[in-house]
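Asks: Residue numbers (the working numbering): 350 to 763.
1) Here's the rule I'm using: 16 or more other beta-carbon atoms within 10 Å means buried, otherwise exposed. How should residue 647 be labelled?
2) From residue 565 to residue 574, what distance separates their C-alpha atoms?
3) Assuming residue 615 is part of the alpha helix (DSSP H), what are its boundary residues?
4) Do you know offhand how far residue 612's Cα is from residue 679's?
5) If I'm right that residue 554 touches residue 542 with Cβ under 8 angstroms, what's the distance once you round it to whole angstroms?
6) What three-state label does DSSP hand residue 579 in the structure shown?
7) Output the boundary residues of the beta strand (DSSP E) element that contains residue 755.
8) Does DSSP put residue 469 in a helix, in a strand, or in coil?
9) Counting C-beta neighbours from all protein chains within 10 Å, is the total for residue 609 16 or more, i.e. buried, or is it exposed?
10) For a minimum of 4 consecutive residues, which ranges assigned as the alpha helix (DSSP H) are wholly contained in the region 693–747?
11) Take residue 507 and list the residues in its own chain whose beta-carbon comes closer than 7 angstroms to its own, dropping the five residues that flank it on each side.
12) Mind listing, in chain order, the continuous beta strand (DSSP E) runs of no fewer than 3 residues lying wholly within the region 614–673?
13) Which residues mark the beginning and the end of the beta strand (DSSP E) in which residue 533 is found?
14) DSSP state of residue 361, grouped into three classes?
15) Which runs of the beta strand (DSSP E) spanning at least 3 residues fall entirely within the region 378–431, listed in chain order?
16) In angstroms with no decimal places, state the Cα-to-Cα distance between residue 373 and residue 657.
17) So what's residue 493 in DSSP terms, helix, strand or just coil?
18) Would you mind working out which of 720, 593, 548 and 604 sits nearest residue 731, comparing C-alpha positions?
19) What does the alpha-carbon distance come out to for the pair residue 685 and residue 399?
20) How many Å lie between residue 467 and residue 521 at the Cα?
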């Protein structure tokens, strides 16, 4: 490995990976019941009309509209009831002049009828039905194909399968559907100081924040996270858990163990697991300098910094776009707002910086308050509404300067 902590821009890191690896989404056909949360990999056309027959939109009486003309509260029209139609039945009789049939909502309209009189505008006694309101042809009937015509495209590839989507697919009778297979992502935390949630917290130890947080971030990108636990900053332990991730998953995301410290061995271990090994080690990014990108037997390995803010910000910028593509999701569209900086930001020239900020309304203006708590403070992200992207060439962004804030989503300015 000849690129230890030789920083490059994030665009160069992507280019180095994409020169040797292409993110190719996989398409699978699954039963409808297993499609929820997946992304459609095909345009879906209806093979039937929906509804497949003329059906009643309300409970009432199926009639010939012309037989009701002139009906009113003071001058009802009398019709002869010749039968009834329940939902799920198929009527075997025909409605002729002066006749009607009782009908349930959703039931097929019998031959000869072309309208439905709602129940509240009628009164029945034995076989005689009195109608107190005229109806027009087609009134209170959902006509065949009125929702979907046979051959119509009902859903486009790339759409997430939601409960509403499943309803549409069920309505047109689809039993199986082609979707993108979610990428399987192995998530590993590294650090001798880490313990899992619920374990006793001994002196010098801290709970693993990155493992659960990165797993959720993977799921939000459409992936399936497999948390493999905590590896110690020791070559053999790290190699064993990383080999397991490479054997069972499509992508490996490791946090911790990638900086220049004595105990940080991850880049060297990954480099020995297979060719081409580590492609980039070091991003001109703050937080996130010690990040590395590797390719082992055609599977990408992303080494994120151990500090939570660094890890999650780098994941968002570097890893998330690939996982979204593999999942069939479109690129994330980040909402932006302009705000006045509440205090100055000091940045290092030659390093792009993402500064978490909280938005506060003061009078008519929105102000962005930098949360400068260091890359190790998880609260810097939990309190943040978004972040300011400080370019490589800037060293100072002055107090009072108007900046563009990239929102994390669902933000309401207090």
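The beta carbon of each residue, even a glycine, is placed where N, CA and C say it ideally should be. Quick caveat, the model's predicted, so the values are computed rather than measured.
Replies: To lay it out plainly:
1) On the chain shown, position 298 is the one that residue 647 refers to. Result: exposed.
2) Here residue 565 is taken as the residue at index 216 of the chain shown, counted from 1. Here residue 574 is taken as the residue at index 225 of the chain shown, counted from 1. For residue 565 and residue 574, the gap between their C-alpha atoms comes out near 8 angstroms.
3) Reading the chain shown from its first residue, position 266 is the one you call residue 615. Unbroken alpha helix (DSSP H) run through residue 615: 615–620.
4) One-based indexing of the chain shown puts residue 612 at position 263. One-based indexing of the chain shown puts residue 679 at position 330. Because the pLDDT of residue 612 is 41, which lies under 50, any placement of that residue in the model is unreliable, and the number read from its coordinates should be weighed accordingly. Roughly 39 angstroms separates the two Cα atoms.
5) Mapped onto the chain shown, residue 554 falls at position 205. Mapped onto the chain shown, residue 542 falls at position 193. 6 angstroms between Cβ atoms; contact.
6) Mapped onto the chain shown, residue 579 falls at position 230. Three-state DSSP puts residue 579 in a strand.
7) Your numbering for residue 755 matches position 406 in the chain shown. Counting along the chain, the beta strand (DSSP E) containing residue 755 begins and ends at 751–756.
8) If you number the chain shown from 1, residue 469 lands on position 120. In the displayed model, residue 469 falls within a helix according to three-state DSSP.
9) The residue given as residue 609 occupies position 260 in the chain shown. Here the model assigns residue 609 a pLDDT of 48, short of 50, so the residue's position is not dependable and the matter cannot be decided.
10) List check, alpha helix (DSSP H) in window: 728–731.
11) Locating residue 507 in the chain shown gives position 158, counting from the first residue. So the list reads 388, 389, 677 and 679, once near-sequence residues are dropped.
12) Within the region 614–673, the complete beta strand (DSSP E) segments of 3 residues or longer fall at 625–630, 641–645 and 648–653, listed in chain order.
13) Residue mapping note: residue 533 aligns to position 184 of the chain shown, counting from 1. Residues 533–539.
14) As a working note, residue 361 is residue 12 in the chain shown. Helix at residue 361.
15) Runs found: 409–412.
16) Working through the chain shown from its first residue, we reach residue 373 at position 24. Working through the chain shown from its first residue, we reach residue 657 at position 308. Whole-angstrom Cα-Cα distance: 29 angstroms.
17) Position 144 of the chain shown holds residue 493. In the three-state DSSP reduction, residue 493 falls in the coil class, being neither helix nor strand.
18) To locate residue 731, count along the chain shown from 1; it is residue 382. For the set 720, 593, 548 and 604, the Cα lying nearest the Cα of residue 731 is the one of 720.
19) Position 336 of the chain shown holds residue 685. Position 50 of the chain shown holds residue 399. Using only the alpha carbons, I get a separation of about 41 angstroms.
20) As a first step, residue 467 must be located in the chain shown, where it is residue number 118. As a first step, residue 521 must be located in the chain shown, where it is residue number 172. If you draw a straight line from the Cα of residue 467 to the Cα of residue 521, it is about 28 angstroms long.
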